[in-house]
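Enquirer: Residue numbers (the UniProt record's numbering), protein chains in the order written: chain A, 1 to 287; chain B, 1 to 424. Note that CB positions come from ideal geometry on N, CA and C, so glycine has one too. Could you have a look at this structure, given as structure tokens, before my questions?
What follows is the structure, given as structure tokens:
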């Protein structure tokens, strides 16, 4: 018996088993269930077991699906660009411009303060701010910048992306900051000694070494935006749709099989995107 | 306090209440009932309109029953009634939801002979007619899904029977809400919702079964579509309706769509929207912030809705008796008066009258000018002396119902079209 426990394969499996158990019950099983239900049929009030491709046929046969997927990618991409820009700058400032560790930690914690409130509240608080008679419009009008209130500030793609960027930039800041902190400072000195300008150092030394952090942040932001539905609903005033809203509409109308089919397609899409992203950087090597 | 006439103990109730129930056999029944009922908890869920904590408090005070309330939006209510029959004892749902949910067998019919005020329930819920010569409106009119032929039946009866699906509790005639201060001219027809004058300042609600009816009222008023039956459209009619609204949406007619009561209030109160589909208490909520808002009667008539309470199939024994007790209490006037003072109508107006002042009854029900301040049940001032209710009296308002909220035969098709409309 004790021999058995000394076998490193056995102990390895035993140590992994709690996690395997938890993940298989709470992650793998539900996903399998969703995949199964996606082939079922539905009536107005019930679902019945079947093996039919109706849900997928309808999904791929409707141009709404393509438009909505395009919209989802559009939101994900634009949000990613802004999150990366802001996140990288903030992390760079924290890692290289703030010299004392105390200040770095203090400023980093400052970044997390908005996260003490609920996601929904941070999002909804934009609505009165951006509204037709909101703070933004009345301020701009009192400055004389505009004569008429700007309608596109609220219930538009602009407000959706603004909320996304606001909600998810921190997910970019954290991993980038983390990788930057581990960059050996002597590399930067070496670059300077060899006559590299500030920009050259940034582009040829810091960015390549920060790639794993960027990639982890990217995965966070892209998956969060692609899976979201509530932000799109509130900030577009229900006027735009992404895949998440398609699923939530189906669920509210008791069309579980059709919702499952959409969920499966979304899951596959997101996995493909992550698969492609991981081709660029081997994050495991860097962790 | 009223006591129930027959006390029956089912096996389940006996087991559940144990010793107390055994003792009951030896004691006079009504007194024990009075003790026992205090231990009964009924779980009720429904839309926010009638799931009021004040009702739960009052029922505790009057009957001793503990009522646990859960408020959800219409879609979630349907979902719960259809998929989680054991999660509730009493379903407070609308009639169109009943049409969807009844065939699942999750609800049980109610014995009309046990409903004390059945004879006083207004005709809309029984024969479908408000008065002898009323014309029955299109859509899922309550009486069409109000009765079943016999207990256990999953289809509806064409006429009144002894078995009722829902006991009607609350209903109203809905129309468009407007901000007269921001519009500055009279609004008389549903067609104004798509008037380019209100570009970027209009809204409709994002609940398909209700929204489609508002759309139909608008399209018909514009003269674009003549429906055979708005409450049961053909695919062509559905396509045409969405084509008109999709074009309007793409031209930027709508500021937003709303799904919850609060959203509609905020859109209107903030001035983001000046004309939109709206519910009566939402108007009240805007008004109570001191903002001018009118529930505009329109020449094409109202889109009406009705709600009622249904019993879960799993209710039996003492809980079932308690539920009947609760229903009889519900119709006995206090709740009716409470709801009427919010702008809804009670299914048994004459019992509610006793719980309202003469001024309130005159203003809310008879359409007379208020003789003093009109306040909501929570104390907000809603109207001053001399004000008249938008749309007038009960007969004027409920007599001009053009259609009821509906579930159509082509519902699934309509729902898909609705999703397309939102995504377009």
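Is there at least one Cβ from chain A nearer than 8 Å to residue 422/B's Cβ?
Expert: Yes, residue 422/B counts as interfacial toward chain A.
Enquirer: List the endpoints of the continuous beta strand (DSSP E) containing residue 258/B.
Expert: Here the beta strand (DSSP E) through residue 258/B covers 254-258.
Enquirer: Taking Cβ-Cβ distances below 7 Å as the criterion, which residues of the segment 376-407 of chain B are in contact with chain A?
Expert: Cβ contacts with chain A: none found.
Enquirer: Determine the DSSP secondary structure at residue 161/A, reduced to helix, strand or coil.
Expert: Helix at residue 161/A.
Enquirer: Is it right to say residue 93/A is buried, meaning 16 or more other beta carbons lie within 10 angstroms of its own, or is it exposed?
Expert: Flag for residue 93/A reads exposed.
Enquirer: What does the alpha-carbon distance come out to for the pair residue 119/A and residue 230/A?
Expert: Residue 119/A and residue 230/A: Cα-Cα distance of roughly 10 Å.
Enquirer: To the nearest angstrom, how far is it from the Cα of residue 61/A to the Cα of residue 55/A?
Expert: Going by the C-alpha atoms only, they are around 10 Å apart.
Enquirer: Tell me whether residue 166/A is buried or exposed, calling it buried when 16 or more other Cβ atoms sit within 10 Å of its Cβ.
Expert: Buried, since its Cβ has 16 or more Cβ neighbours within 10 Å.
Enquirer: Return no unless some Cβ of chain B is closer than 8 Å to the Cβ of residue 76/A.
Expert: So no, residue 76/A is outside the interface.
Enquirer: With a 10 Å radius around its C-beta and 16 neighbouring C-beta atoms as the bar for buried, classify residue 25/B as buried or exposed.
Expert: Unreliable placement is indicated for residue 25/B, whose pLDDT of 42 sits below 50; the coordinate value is still reported in the next sentence. Burial call: exposed.
Enquirer: Can you tell me the Cα-Cα spacing of residue 350/B and residue 261/B, whole angstroms?
Expert: Computed Cα separation, rounded: 29 Å.
Enquirer: Residue 425/B to residue 386/B, Cα distance in whole Å?
Expert: This structure leaves residue 425/B out entirely; chain B is present only between 1 and 424.
Enquirer: Taking all protein chains shown into account, decide if residue 52/A is buried (16 or more other Cβ within 10 angstroms of its Cβ) or exposed.
Expert: Exposed is the call here.
Enquirer: Mind checking who residue 177/B pairs with in its DSSP beta bridge?
Expert: Bridge partners of residue 177/B: 276/B, 295/B.
Enquirer: With DSSP as the reference, please indicate the residues paired to residue 306/B in a beta bridge.
Expert: Its beta-bridge partners are 171/B.
Enquirer: Assign residue 402/B to one of three DSSP states: helix, strand, or coil.
Expert: Here residue 402/B sits in strand by DSSP.
Enquirer: Nearest-angstrom Cα distance between residue 250/A and residue 417/B?
Expert: Their backbone Cα atoms lie some 12 Å apart in a straight line.
Enquirer: Measure from the alpha carbon of residue 109/A to the alpha carbon of each residue in 185/A, 162/A, 174/A, then state which is nearest.
Expert: Ranking 185/A, 162/A, 174/A by Cα distance to residue 109/A puts 174/A first.
Enquirer: Between residue 259/A and the rest of its own chain, which residues show a CB-CB distance below 6 Å, the 5 nearest in sequence each way excluded?
Expert: Same-chain partners within the cutoff: 247, 250, 251.
Enquirer: Any residues in the segment 64-96 of chain A with a beta carbon nearer than 7 Å to a beta carbon of chain B? Which ones, in chain order?
Expert: Listed in sequence order: 64, 67, 68.
Enquirer: Which residues of chain A have a Cβ atom closer than 7 Å to the Cβ of residue 75/B, listed in chain order?
Expert: Those within 7 Å of residue 75/B in chain A are 252, 253.
Enquirer: Just mark residue 214/B as buried or exposed, buried being the case when its beta carbon has 16 or more other beta carbons within 10 Å.
Expert: It is buried - the Cβ of residue 214/B has at least 16 other Cβ atoms within 10 Å.
Enquirer: Judging by CA-CA distance, which residue of 106/A, 178/A, 130/A, 271/A is the nearest neighbour of residue 212/A?
Expert: When each option's Cα is compared against that of residue 212/A, the closest is 178/A.
Enquirer: At a cut of 8 Å, does the segment 392-402 of chain B reach the segment 298-318 of chain B through at least three beta carbon pairs?
Expert: The segment 392-402 of chain B vs the segment 298-318 of chain B: in contact.
Enquirer: Whole alpha helix (DSSP H) runs in the segment 49-90 of chain B with 4 or more residues, listed along the chain?
Expert: Correct list: 53-62, 74-83.
Enquirer: Would you list the one or two residues that DSSP bridges to residue 107/B?
Expert: Residue 107/B pairs with 312/B.
Enquirer: For residue 146/B, which residues from the same chain have a beta carbon less than 7 Å from its beta carbon, with the 5 sequence-adjacent residues on both sides left out?
Expert: Closer than 7 Å at Cβ, skipping near neighbours: 125, 164, 165, 166.
Enquirer: Quick check on DSSP: helix, strand or coil for residue 130/B?
Expert: Three-state result, residue 130/B: coil.
Enquirer: In this structure, does DSSP put residue 34/A in helix, strand or coil?
Expert: Three-state result, residue 34/A: helix.
Enquirer: Out of 263/B, 347/B, 377/B, point me to the one whose CA is closest to residue 357/B's CA.
Expert: Comparing Cα positions, the closest option is 377/B.
Enquirer: In its own chain, which residues sit with a C-beta less than 6 Å from the C-beta of residue 49/A, not counting the 5 before and 5 after it?
Expert: Excluding sequence neighbours, residue 49/A sits near 40.
Enquirer: How many Å lie between residue 51/B and residue 280/B at the Cα?
Expert: Rounded to the nearest angstrom, the two C-alpha atoms are 16 Å apart.
Enquirer: How about residue 82/B: is its C-beta nearer than 8 Å to some C-beta of chain A?
Expert: Yes, residue 82/B lies at the interface with chain A (some Cβ there is under 8 Å from its Cβ).
Enquirer: Helix, strand or coil, according to DSSP, for residue 4/A in the structure here?
Expert: Residue 4/A falls in the helix class under three-state DSSP.
Enquirer: Inspect the beta-carbon positions of residue 231/B and residue 139/B and report whether they are closer than 8 Å.
Expert: Their beta carbons are under 8 Å apart, which means residue 231/B touches residue 139/B by this criterion.
Enquirer: Shorter than 8 Å from the beta carbon of residue 132/A to some beta carbon of chain B?
Expert: So, interface residue.
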